[in-house]
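The structure under discussion appears below in the form of structure tokens.
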Amino acid sequence: MIHYHVSYNNPLSYFLQIEMRIPALQQPVLHLQLPAWRPGRYELQHFAQKIRKFEILDADSNPVRYEKITKDRWLVYTENLPEITVRYDFYAHQMDAGGSWLDETQLYINPVNCFMSAEGFEHQPSELVLNIPENWQIACGLKAKNQNTLLAGNFDELVDCPLFASGTLQHETYTVQGIPFHIWIQGNCKPDWPTLLAHFRDFTEEQLRLFHDFPVQDYHFMFQILPYKHYHGVEHSNSTVCVLGPADTLMQRSTYKELLGVSCHELFHTWNIKNIRPAEMMPYDFRQENYFRTGFVAEGITTYYGDYLLGRSGVFSAQQYFDELNSVLKKHYDDYGRYNYSVADSSFDMWLDGYKPGIPDRKVSIYHKGALASLLLDLELRRVTNNQFSLDDVMRRLYNDFGKRGIGYTEQDYIQIVNETAGTSFQQYFEEIIYGTKPLESPLDNALRFVGCELREEPNPVSYERKFGFRAVLKREWPNVSAIMPDAPAAFVFTTDDDIIAVNGRRVENNLNELFKDGESFEVAVFRNYQLRTVKLETSGRNYLSNYIVAKRSDATEVEKENFQRWLNQKF
1 MIHYHVSYNN
11 PLSYFLQIEM
21 RIPALQQPVL
31 HLQLPAWRPG
41 RYELQHFAQK
51 IRKFEILDAD
61 SNPVRYEKIT
71 KDRWLVYTEN
81 LPEITVRYDF
91 YAHQMDAGGS
101 WLDETQLYIN
111 PVNCFMSAEG
121 FEHQPSELVL
131 NIPENWQIAC
141 GLKAKNQNTL
151 LAGNFDELVD
161 CPLFASGTLQ
171 HETYTVQGIP
181 FHIWIQGNCK
191 PDWPTLLAHF
201 RDFTEEQLRL
211 FHDFPVQDYH
221 FMFQILPYKH
231 YHGVEHSNST
241 VCVLGPADTL
251 MQRSTYKELL
261 GVSCHELFHT
271 WNIKNIRPAE
281 MMPYDFRQEN
291 YFRTGFVAEG
301 ITTYYGDYLL
311 GRSGVFSAQQ
321 YFDELNSVLK
331 KHYDDYGRYN
341 YSVADSSFDM
351 WLDGYKPGIP
361 DRKVSIYHKG
371 ALASLLLDLE
381 LRRVTNNQFS
391 LDDVMRRLYN
401 DFGKRGIGYT
411 EQDYIQIVNE
421 TAGTSFQQYF
431 EEIIYGTKPL
441 ESPLDNALRF
451 VGCELREEPN
461 PVSYERKFGF
471 RAVLKREWPN
481 VSAIMPDAPA
491 AFVFTTDDDI
501 IAVNGRRVEN
511 NLNELFKDGE
521 SFEVAVFRNY
531 QLRTVKLETS
541 GRNYLSNYIV
551 AKRSDATEVE
561 KENFQRWLNQ
571 KF
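Right under this line is the structure:
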């Protein structure tokens, strides 16, 4: 058994003291590996930059010789010692769903950030002892040996179970099909527990109905509720950490819908990515990138179901679901990378720049386009099979054929299951939507008509966005050009990061929309690279940056209304 111990001397310093004791060695050398990335975030994380005072000792506290051979890998000359102890400080000062945090009120650890594996010993069980105040409670998906000791079957289980330890945790449970679901909340907030528990039970029941099974014996929703605005969630095998704020608006619609959305999304990941896993990640290789092209399955399908199942379970009304769907549409149509890179290629390049803005219009989002591609696929499967089959059946097949058996699926496996579910080839869908860059407007509108809806294009109400195809955000004291639509009039006179200071000689003072409202030609003064320039902006007669929404059609037939109810489980 590998033994881990976590303590701290001064919580205000944010430094944890971590010990790792490895017994029963009896070998000349050993490699230690700190994970280079964490599941759920497909980019290298460089956790080793948070380590200081690294040392290795033998059983008599004598130093053991070692070399650091990569940024997060150590070669230890164990010289047949019976055991060694690794010690180091870790800086726990990252408050998001994938980080670790220490202060005087709580200890929050994502073990994948800060625990090392001993190569060759990854399948051994481990014990984690926390040196915390006696009155603190621990929230974690691991089994508890006692009040401050947790047990894991292997290294993968250990690092896939985040933990909260605090004296102020709020805790409630609910049960679905005999499975206990825990909700842990850390933060200064007052949840409406009856409402929250009822909604969580509803969407959980809907997910279990979809898959007919649950991969784990219990589940833990773990929430950090912050006093400021935040939104982030990360999936784990039998838990999720979600970080949200502001706390004082937790039960108000704006924040509460985010809590429901991220929770339903992360629970769906229990099947899709934690069990239904790409072949390239079987097993996880924590030393380096695990490239895969099926992010449109892992994240796109999950993003679709995360909101869709809230509608299907009745937690959201149809209009509330459409509001969330329209938000995804807006994000997709704001992203001109959709013309340049397929969603499959963007999946592969998550490891390169998937979570960064990057250069303009380089890639498309696997979350947003992936969700819309999943909506399109679901509706098309329902149409071609006359409502006999849907994306539900594809996901069940993936779970039963691969997830339950611990086998990773390939791109071809997924394509084959879709074709078999449809009873016909979906080659055009994959060539154009997944591996190509064909616009979604026409195919998505056609698919929506099957359920009595349509994809509706609406003119942008913001004058300068509609006329000239650029967006601006307030930066410093001026509107700053943040995005430009390719080939729009603004593309030939503006550059991103221009500060707009005057329009037709009038100073800009929170009135940019009004200044561009009337007229076809404008002289615009901008600061560019700290130099004043005057440019001429003229309309082309076209509208740009349109809004796309999903809406019910007034001429929907009774059959289409019935299809709508079969799809969303709500009356048209």
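Numbering (UniProt numbering), first residue to last: 1 to 572. No residue lacks a Cβ here, since even glycine has one placed at the ideal position from N, Cα and C.
Selected residue, minimal CA-CA separation from residue i, among the options
i	options	result
E457	A422, N547, F492	N547
C242	T249, K257, F223	F223
Y291	R277, T303, T302	R277
E83	P215, K404, P23, K369	P23
T168	L57, V176, W184	W184
Q124	E55, E560, L151	L151
S390	L377, L398, D401	L377
H199	F181, C189, H212, I109	F181
M1	L158, A491, I407	L158
L309	W351, Q207, R476	Q207
L325	T294, T437, L375	L375
A422	V508, D334, R382, D218	R382
A139	D218, T85, C264, G178	D218
Y355	Q319, Y42, R38	Y42
Inter-residue Cα distance where the pair is residue i and residue j
i	j	result
R65	L30	11 Å
Y88	I51	7 Å
E289	A279	14 Å
A92	E134	21 Å
V550	A447	11 Å
Y256	A556	32 Å
T496	Y544	17 Å
Y367	D392	19 Å
T270	Q45	23 Å
D323	F286	38 Å
D353	K561	42 Å
L102	Q137	15 Å
residue 585	R73	Absent from the structure is residue 585, since the part of the chain shown begins at 1 and ends at 572.
F54	S7	15 Å
G403	Q17	37 Å
E380	K571	20 Å
A502	G519	15 Å
N460	F426	34 Å
A165	F214	27 Å
D349	H332	18 Å
I433	Y409	20 Å
E441	L455	7 Å
Q510	N480	It should be noted that the sequence gives Asn, not Gln, for residue 510. Near 12 Å, if we compare the C-alpha coordinates of N480 and N510.
Y304	M281	22 Å
N148	L267	27 Å
K71	A48	7 Å
L568	E19	51 Å
Q412	N272	17 Å
Under 9 Å between C-beta atoms of residue i and residue j
i	j	result
N131	H3	no
D160	V112	yes
Y341	R362	yes
V297	R338	no
L244	H230	yes
V262	H232	yes
L81	Q33	no
E523	G541	no
G40	V234	yes
M251	T175	no
L142	E172	no
V535	V493	yes
A483	F468	no
H265	D307	yes
H212	K274	no
I417	F430	no
Residue environment, residue i, which counts as buried when at least 16 other CB atoms sit within 10 Å
i	result
Q106	buried
P227	exposed
Y321	buried
V473	exposed
D248	exposed
S521	exposed
S346	buried
W478	buried
Y258	The question names Tyr, but residue 258 in the sequence shown is Glu. When all chains shown are included, E258 counts as buried.
L12	exposed
T302	buried
Q186	buried
A118	buried
L515	buried
residue 577	Residue numbering for the chain in the displayed model covers 1 to 572; residue 577 lies beyond these limits and cannot be assessed.
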